Every structure is written in structure tokens, then in C-alpha cells.
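> Numbering (the working numbering), first residue to last: 7 to 103.
From the three backbone atoms N, C-alpha and C, an ideal C-beta is built for every residue, glycine too.
Keep in mind it's a predicted model, so treat the numbers as computed, not measured.
Below is one structure. I have some questions about it.
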Amino acid sequence: MKRKHNLISISRNSGFQLDPSFSSDESIVLRALADGRTDRQVCRDLRMDPNTFLRLMREMRIKIGAADNVSLVAWAIRRIQGGDQRIYKPEDFARLA
Numbered sequence: 007m008k009r010k011h012n013l014i015s016i017s018r019n020s021g022f023q024l025d026p027s028f029s030s031d032e033s034i035v036l037r038a039l040a041d042g043r044t045d046r047q048v049c050r051d052l053r054m055d056p057n058t059f060l061r062l063m064r065e066m067r068i069k070i071g072a073a074d075n076v077s078l079v080a081w082a083i084r085r086i087q088g089g090d091q092r093i094y095k096p097e098d099f100a101r102l103a
């Protein structure tokens, strides 16, 4: 069965921010990776240039001090499963709509 990708609407309406230092774009990308999507799927679903994706990943690694992308995604999964959710107002995500 083919997996349905509804990444943008789910992420934008969730109000979930992984870390206050992350931009909305960074949080959406990392949440999608933590959900099991591949780099290519994320770029396709978000209509994102692969170079933009790589830049966002590098910036997130620097922000939390992760050595590599696997460590970054593992960190995100722990945050999501731990229920460490910060609620932001809808207007915080309005520019992505």
C-alpha cells in the first residue's frame, strides 16, 4: 500500500515546535524525517530544492550540536516521543501557508 503524504497540512496545523531556535521550515523538515520520510520525499512533498534541504540540515545540526544527520533525527524522535511540545500561535506558521 502506497503511503499518503500529507506532510504540509499536518505539520502546519500541529503547532509543534521541536526547539525554539528552529525556524518553522526547519521544524517541518525535521518532523518529516522523524516520521520516516526520506530526504527525497521531504524535498518532493515540500517542493524544496535539495540544496535548501542540505542547508537546513546543516543549520539544525549546528544549533543542537549534532555530529551528523542521524543524530539530529534521533534527537527529534526523542523530543517528539517525550511529549516536549511547545504550542505556538497559528500566525507563527502563517508565512508557510
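Less than 8 Å between C-beta atoms, sequence neighbours within five positions excluded: which residues of the same chain meet that for Trp81?
Residue mapping note: residue 81 aligns to position 75 of the sequence shown, counting from 1. Only Ile70 and Ala72 meet the Cβ criterion.
> Relative to the C-alpha of Asp25, which residue among Val76, Ile68 and Asp74 is closest?
Counted from its first residue, the sequence shown places residue 25 at position 19. With distances taken between Cα atoms, Asp25 lies closest to Ile68.
> Out of curiosity, what's the CA-to-CA distance linking Asp45 and Phe59?
Against the sequence shown, residue 45 aligns to sequence position 39. Against the sequence shown, residue 59 aligns to sequence position 53. Roughly 8 Å separates the two Cα atoms.
> Return helix, strand or coil for Ser27, following the three-state DSSP convention.
By 1-based counting over the sequence shown, the position of residue 27 is 21. If DSSP states are grouped into helix, strand and coil, Ser27 belongs with coil.
> According to DSSP, is Arg85 helix, strand or coil?
To locate residue 85, count along the sequence shown from 1; it is residue 79. Helix at Arg85.
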